[in-house]
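In our numbering, the protein residues as written are 920 to 1049.
Heads up: the structure comes next, in structure tokens.
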Amino acid sequence: MPMTRDDIFAKVSDRLQDALGVDEDEVTPEATLTGDLGAESIDFLDIVFRLEKAFGIKIPRGELFPESLTAADSNFVQDGVVTEQGLAELRTKMPHADIDSFADDPKVENIPELFTVNMIVNFLDARVNA
């Protein structure tokens, strides 16, 4: 039986609270992992591990949280801004993220804002309800 988005969100919220030591009311769909919830790079591994366990799935490295998104090709970034080609690559690697909102101000420094609670829910919804 497919899981509802609410069920997925509840499980994700519990795992993020445990992994990051944040309160339930801090874990909103729009919350960014690094900016709002204080996640550091090492926390991303722990989050993936907890999600794999909670949902009974395997998440290949780099699939949920792609690494070095802009370092792969110099055509993806120019003067600190993600190019159209770079945006297309982000859409390919992160179909679960809100790239359209990011495209409004595609500075490299804004990439962490793509990593939201809702992005995780979108990713898991596609995986567990496929």
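All C-beta atoms in this analysis are idealised placements derived from N, C-alpha and C, irrespective of residue type, glycine included.
Just so it is clear, the structure is predicted and the values come from calculations on it, not from any experiment.
Item                                                                             : Value
Presumed contact (8 Å Cβ cut-off) between Arg934 and Arg980, rounded CB distance : At roughly 18 Å, the Cβ-Cβ gap does not stay under 8 Å, so Arg934 and Arg980 are not in contact.
Integer Cβ distance of Ala950 from Val1027, believed to fall under 8 Å           : Not confirmed; about 21 Å, so no contact.
Cα-Cα separation between Asp937 and Val946, rounded to whole angstroms           : 11 Å
Length of the line joining the Cα atoms of Thr1002 and Ala1045                   : 27 Å
For Met1053, the nearest candidate out of Asn994, Asp998 and Phe984 (CA to CA)   : Nothing about residue 1053 can be read from this structure; the chain reaches only from 920 to 1049.
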